[in-house]
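Positions in the sequence shown are counted from 1; adding 63 to them yields this note's numbering.
Idealized CB from N, CA, C, for every residue including glycine.
As the structure is a prediction and not an experimental result, all values here were calculated from the model.
Working notes for the structure below.
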Amino acid sequence: MPDTPRPYRIAPRYLANADADDSEALQPLLDADWARSQDQEGNTFVTAPDLRARLAHLPGSDGRVLWKAGAGPDAFAPPEWLVTFDNQTPPEVVADFTTALADTYTHGPDAYLNRNDRTVGVDTCLQLLAEGWSLDPATPFLTYRSPDRLVRLHVRDTPLRHEAETAGDTERWLFEVGPPGQVWYATASSRLPEHLLQALTTAVTDPSPVQRNMRRIDLDHLPHQATATPSVPTSLEAARIRAATSRSTSSPSSRQPAPAALPAPIGASTAVTPRRSPP
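So, in C-alpha coordinates, the structure goes:
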(Lines of atoms letter the chains of each structure in order from A and count residues from 1; the text may use other names and numbers.)
(Lines give C-alpha, C1' and ligand atoms only; values in the text may rest on other atoms or scores of the structure.)
Protein backbone atom coordinates (compact mmCIF):
# COMPACT_ATOMS: atom_id res chain seq x y z
CA MET A 1 0.00 0.00 0.00
CA PRO A 2 1.51 3.36 -1.00
CA ASP A 3 2.64 5.70 1.74
CA THR A 4 0.12 8.46 1.07
CA PRO A 5 -0.19 11.60 3.20
CA ARG A 6 -2.94 11.68 5.79
CA PRO A 7 -3.89 14.20 8.49
CA TYR A 8 -2.23 14.06 11.88
CA ARG A 9 -2.47 16.36 14.88
CA ILE A 10 1.02 17.30 16.02
CA ALA A 11 1.61 18.49 19.59
CA PRO A 12 3.11 20.70 20.83
CA ARG A 13 2.79 22.85 17.76
CA TYR A 14 6.26 24.35 18.14
CA LEU A 15 7.65 20.91 17.25
CA ALA A 16 5.53 20.62 14.08
CA ASN A 17 7.28 21.13 10.77
CA ALA A 18 6.82 24.26 8.68
CA ASP A 19 5.09 22.39 5.83
CA ALA A 20 1.74 24.19 5.99
CA ASP A 21 -0.11 27.00 4.24
CA ASP A 22 1.91 30.21 4.69
CA SER A 23 -1.06 32.36 3.66
CA GLU A 24 -2.52 31.87 7.13
CA ALA A 25 0.13 34.23 8.47
CA LEU A 26 -0.66 36.94 5.90
CA GLN A 27 -4.42 36.81 6.26
CA PRO A 28 -4.86 38.79 9.52
CA LEU A 29 -3.15 41.79 7.92
CA LEU A 30 -5.01 41.44 4.63
CA ASP A 31 -8.28 41.27 6.58
CA ALA A 32 -7.26 44.59 8.18
CA ASP A 33 -6.95 46.18 4.70
CA TRP A 34 -3.17 46.15 4.50
CA ALA A 35 -1.92 46.32 0.89
CA ARG A 36 -0.27 43.31 -0.72
CA SER A 37 2.42 43.31 -3.41
CA GLN A 38 4.83 40.76 -4.84
CA ASP A 39 8.18 40.88 -6.61
CA GLN A 40 9.50 38.72 -9.43
CA GLU A 41 11.21 36.32 -7.01
CA GLY A 42 7.91 35.42 -5.38
CA ASN A 43 8.42 37.45 -2.22
CA THR A 44 5.30 39.03 -0.74
CA PHE A 45 5.10 42.38 1.04
CA VAL A 46 2.12 43.54 3.10
CA THR A 47 2.00 47.22 4.10
CA ALA A 48 -0.25 49.06 6.53
CA PRO A 49 -2.49 51.85 5.19
CA ASP A 50 -0.29 54.53 6.77
CA LEU A 51 2.83 52.84 5.29
CA ARG A 52 4.51 52.76 8.71
CA ALA A 53 4.20 49.04 9.47
CA ARG A 54 4.97 46.15 7.14
CA LEU A 55 5.49 42.42 6.83
CA ALA A 56 7.67 40.58 4.32
CA HIS A 57 7.38 36.91 3.35
CA LEU A 58 10.66 36.02 1.61
CA PRO A 59 10.65 32.51 0.08
CA GLY A 60 12.65 33.80 -2.90
CA SER A 61 15.50 35.33 -0.94
CA ASP A 62 18.79 33.82 0.15
CA GLY A 63 19.35 32.94 3.77
CA ARG A 64 17.29 31.32 6.46
CA VAL A 65 15.00 34.22 7.43
CA LEU A 66 11.56 33.73 5.86
CA TRP A 67 9.51 36.40 7.66
CA LYS A 68 10.31 39.98 8.64
CA ALA A 69 7.99 42.44 10.38
CA GLY A 70 8.76 46.00 11.39
CA ALA A 71 7.42 49.48 11.92
CA GLY A 72 8.82 53.00 11.77
CA PRO A 73 7.77 56.61 12.26
CA ASP A 74 7.02 57.14 8.55
CA ALA A 75 7.12 55.37 5.21
CA PHE A 76 10.71 56.38 4.40
CA ALA A 77 12.30 55.94 7.83
CA PRO A 78 14.23 52.83 8.89
CA PRO A 79 12.18 50.54 11.13
CA GLU A 80 12.16 51.20 14.85
CA TRP A 81 11.88 47.49 15.54
CA LEU A 82 12.33 44.21 13.69
CA VAL A 83 10.89 40.74 14.29
CA THR A 84 12.03 37.74 12.23
CA PHE A 85 11.09 34.08 11.87
CA ASP A 86 13.22 31.52 10.07
CA ASN A 87 12.10 29.11 7.37
CA GLN A 88 11.44 26.25 9.80
CA THR A 89 8.96 28.20 11.94
CA PRO A 90 5.43 26.72 11.96
CA PRO A 91 3.29 29.32 10.14
CA GLU A 92 0.69 29.19 12.91
CA VAL A 93 3.25 30.89 15.16
CA VAL A 94 3.70 33.70 12.63
CA ALA A 95 -0.08 33.98 12.22
CA ASP A 96 -0.56 34.54 15.94
CA PHE A 97 1.98 37.35 15.87
CA THR A 98 0.48 39.00 12.77
CA THR A 99 -2.95 38.79 14.40
CA ALA A 100 -1.58 40.70 17.39
CA LEU A 101 0.12 43.20 15.07
CA ALA A 102 -3.09 43.79 13.10
CA ASP A 103 -5.00 44.42 16.33
CA THR A 104 -2.29 46.70 17.71
CA TYR A 105 -2.25 48.75 14.51
CA THR A 106 -5.88 49.74 15.00
CA HIS A 107 -4.87 51.63 18.18
CA GLY A 108 -2.50 53.97 16.33
CA PRO A 109 1.28 54.60 16.23
CA ASP A 110 1.60 54.96 19.98
CA ALA A 111 0.58 51.29 20.24
CA TYR A 112 2.88 49.78 17.62
CA LEU A 113 5.92 52.03 18.16
CA ASN A 114 8.05 52.25 21.29
CA ARG A 115 7.82 56.00 21.87
CA ASN A 116 9.95 55.84 25.01
CA ASP A 117 13.01 54.52 23.13
CA ARG A 118 13.76 52.01 25.86
CA THR A 119 14.55 48.32 26.18
CA VAL A 120 11.52 46.29 27.16
CA GLY A 121 11.01 42.79 28.45
CA VAL A 122 11.03 42.91 32.24
CA ASP A 123 7.35 42.00 32.50
CA THR A 124 7.73 39.26 29.88
CA CYS A 125 10.67 37.62 31.67
CA LEU A 126 8.99 37.81 35.07
CA GLN A 127 5.93 36.12 33.58
CA LEU A 128 8.07 33.28 32.20
CA LEU A 129 9.63 32.70 35.61
CA ALA A 130 6.16 32.67 37.17
CA GLU A 131 5.16 29.97 34.67
CA GLY A 132 7.99 27.67 35.71
CA TRP A 133 10.76 28.72 33.35
CA SER A 134 14.29 28.68 34.73
CA LEU A 135 17.42 30.75 34.24
CA ASP A 136 20.41 28.90 32.78
CA PRO A 137 23.70 30.21 34.22
CA ALA A 138 25.80 28.25 31.72
CA THR A 139 25.36 30.61 28.76
CA PRO A 140 26.95 34.01 28.02
CA PHE A 141 23.46 35.51 27.79
CA LEU A 142 20.46 35.66 30.05
CA THR A 143 18.87 32.39 28.99
CA TYR A 144 15.38 31.34 30.06
CA ARG A 145 14.39 27.70 29.52
CA SER A 146 10.86 26.36 29.32
CA PRO A 147 9.84 23.57 31.71
CA ASP A 148 10.11 20.98 28.91
CA ARG A 149 13.59 22.37 27.99
CA LEU A 150 12.54 22.67 24.33
CA VAL A 151 12.22 26.47 24.15
CA ARG A 152 15.07 28.80 25.06
CA LEU A 153 14.85 32.57 25.19
CA HIS A 154 18.26 34.23 25.01
CA VAL A 155 18.43 37.89 26.02
CA ARG A 156 21.50 39.96 25.19
CA ASP A 157 21.97 42.25 28.19
CA THR A 158 24.80 44.27 26.64
CA PRO A 159 24.47 47.54 24.67
CA LEU A 160 23.52 46.96 21.04
CA ARG A 161 23.65 49.29 18.06
CA HIS A 162 20.13 50.09 16.92
CA GLU A 163 21.22 50.08 13.26
CA ALA A 164 22.70 46.59 13.64
CA GLU A 165 19.47 45.30 15.17
CA THR A 166 17.19 46.71 12.48
CA ALA A 167 19.53 45.36 9.79
CA GLY A 168 19.18 41.89 11.29
CA ASP A 169 22.87 41.63 12.20
CA THR A 170 22.11 41.08 15.89
CA GLU A 171 19.09 40.97 18.17
CA ARG A 172 18.04 41.63 21.75
CA TRP A 173 15.70 38.63 21.95
CA LEU A 174 16.41 35.23 20.40
CA PHE A 175 13.97 32.32 20.68
CA GLU A 176 15.60 28.94 20.01
CA VAL A 177 12.97 26.21 19.68
CA GLY A 178 13.32 22.45 19.36
CA PRO A 179 15.84 19.73 20.20
CA PRO A 180 19.41 19.76 18.83
CA GLY A 181 19.46 19.38 15.06
CA GLN A 182 15.79 20.40 14.67
CA VAL A 183 15.87 23.99 15.89
CA TRP A 184 14.04 27.00 14.50
CA TYR A 185 14.53 30.64 15.49
CA ALA A 186 12.56 33.83 16.05
CA THR A 187 14.14 37.16 16.94
CA ALA A 188 13.07 40.60 18.15
CA SER A 189 14.93 43.88 18.50
CA SER A 190 15.14 46.08 21.59
CA ARG A 191 12.42 48.62 20.76
CA LEU A 192 9.61 46.17 20.14
CA PRO A 193 6.71 47.34 22.35
CA GLU A 194 6.22 45.20 25.44
CA HIS A 195 2.77 43.96 24.51
CA LEU A 196 4.03 42.80 21.11
CA LEU A 197 6.96 41.02 22.77
CA GLN A 198 4.47 39.29 25.03
CA ALA A 199 2.36 38.34 22.00
CA LEU A 200 5.48 36.97 20.28
CA THR A 201 6.42 34.95 23.37
CA THR A 202 2.91 33.51 23.63
CA ALA A 203 2.90 32.62 19.93
CA VAL A 204 6.27 30.86 20.12
CA THR A 205 5.44 28.85 23.25
CA ASP A 206 1.81 27.90 22.57
CA PRO A 207 1.62 24.07 22.87
CA SER A 208 -1.73 23.72 21.07
CA PRO A 209 -1.74 20.91 18.46
CA VAL A 210 -1.77 21.68 14.73
CA GLN A 211 -2.72 19.55 11.76
CA ARG A 212 -0.25 18.33 9.16
CA ASN A 213 -0.75 16.01 6.21
CA MET A 214 2.09 13.55 6.61
CA ARG A 215 3.31 10.20 5.38
CA ARG A 216 4.65 7.59 7.76
CA ILE A 217 8.16 8.37 6.59
CA ASP A 218 7.58 12.06 7.47
CA LEU A 219 6.53 11.09 10.98
CA ASP A 220 9.91 9.47 11.48
CA HIS A 221 11.53 12.90 11.05
CA LEU A 222 9.49 14.60 13.75
CA PRO A 223 11.32 15.32 17.00
CA HIS A 224 10.81 12.33 19.28
CA GLN A 225 9.36 14.68 21.90
CA ALA A 226 6.41 15.42 19.60
CA THR A 227 3.19 13.43 19.60
CA ALA A 228 1.39 12.64 16.33
CA THR A 229 -2.24 11.53 16.57
CA PRO A 230 -4.24 10.52 13.49
CA SER A 231 -7.06 12.89 12.65
CA VAL A 232 -10.38 11.77 11.19
CA PRO A 233 -10.05 9.41 8.19
CA THR A 234 -9.85 10.96 4.75
CA SER A 235 -12.96 10.81 2.57
CA LEU A 236 -11.38 8.01 0.50
CA GLU A 237 -10.54 6.00 3.62
CA ALA A 238 -14.03 6.55 4.99
CA ALA A 239 -15.55 5.33 1.69
CA ARG A 240 -13.40 2.20 1.79
CA ILE A 241 -14.46 1.48 5.37
CA ARG A 242 -18.15 1.95 4.49
CA ALA A 243 -17.80 -0.32 1.45
CA ALA A 244 -16.10 -3.04 3.47
CA THR A 245 -18.76 -2.81 6.18
CA SER A 246 -21.54 -3.01 3.58
CA ARG A 247 -20.06 -6.12 1.99
CA SER A 248 -19.64 -7.78 5.37
CA THR A 249 -23.27 -7.07 6.32
CA SER A 250 -24.79 -8.25 3.06
CA SER A 251 -22.67 -11.41 2.78
CA PRO A 252 -21.95 -12.81 6.23
CA SER A 253 -20.39 -15.95 4.79
CA SER A 254 -17.88 -14.12 2.65
CA ARG A 255 -14.55 -13.26 4.23
CA GLN A 256 -13.64 -9.68 3.46
CA PRO A 257 -10.36 -8.09 4.53
CA ALA A 258 -10.77 -5.69 7.42
CA PRO A 259 -10.08 -2.03 6.74
CA ALA A 260 -6.58 -0.90 7.56
CA ALA A 261 -6.19 0.23 11.15
CA LEU A 262 -5.38 3.82 11.85
CA PRO A 263 -1.72 4.35 12.74
CA ALA A 264 -1.15 4.54 16.46
CA PRO A 265 0.07 7.82 17.99
CA ILE A 266 3.81 8.09 18.02
CA GLY A 267 6.20 9.97 20.24
CA ALA A 268 6.31 10.66 23.92
CA SER A 269 7.13 13.78 25.84
CA THR A 270 10.69 13.69 27.19
CA ALA A 271 13.15 16.34 28.21
CA VAL A 272 16.41 17.07 26.45
CA THR A 273 19.25 19.42 27.16
CA PRO A 274 20.03 21.49 24.03
CA ARG A 275 23.62 21.50 22.93
CA ARG A 276 23.80 24.48 20.64
CA SER A 277 24.30 28.10 21.52
CA PRO A 278 22.64 30.97 19.71
CA PRO A 279 24.43 32.40 16.67
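Local Cβ density within 10 Å of residue i, reported as buried at 16 or more and exposed below that
i           : result
residue 68  : exposed
residue 98  : exposed
residue 336 : The predicted position of residue 336 is uncertain, since its pLDDT is 37 and thus under 50; no value can be drawn from it.
residue 202 : exposed
residue 280 : exposed
residue 216 : buried
residue 251 : buried
residue 240 : buried
residue 242 : buried
residue 273 : buried
residue 187 : buried
C-beta contact flag for residue i and residue j at 9 angstroms
i           : j           : result
residue 11  : residue 76  : Any answer about residue 11 is impossible in this case: the structure gives the chain only from 64 up to 342.
residue 79  : residue 153 : yes
residue 115 : residue 205 : no
residue 161 : residue 88  : yes
residue 344 : residue 259 : Past the edges of the chain, shown from 64 to 342, lies residue 344, and the structure says nothing about it.
Bridge partners - residue i, DSSP secondary structure assignment
i           : result
residue 239 : 215, 248
residue 293 : 71
Candidates the options: closest to residue i by CA position
i           : options            : result
residue 263 : 148, 90, 96, 134   : 148
residue 200 : 213, 218, 92       : 218
residue 165 : 228, 279, 111      : 111
residue 163 : 90, 240, 237       : 90
residue 139 : 259, 113, 150, 232 : 113
residue 287 : 261, 244, 83       : 244
residue 127 : 151, 118, 108      : 151
Taking contact to mean at least 3 C-beta pairs separated by less than 8 angstroms, is the segment 149-169 in contact with the segment 182-200? no
Closer than 8 angstroms is the cut-off here; do at least three beta carbon pairs connect the segment 102-111 with the segment 121-137? yes
Counting beta carbon pairs with one atom in the segment 136-152 and one in the segment 252-266, are three or more of them shorter than 8 angstroms? yes
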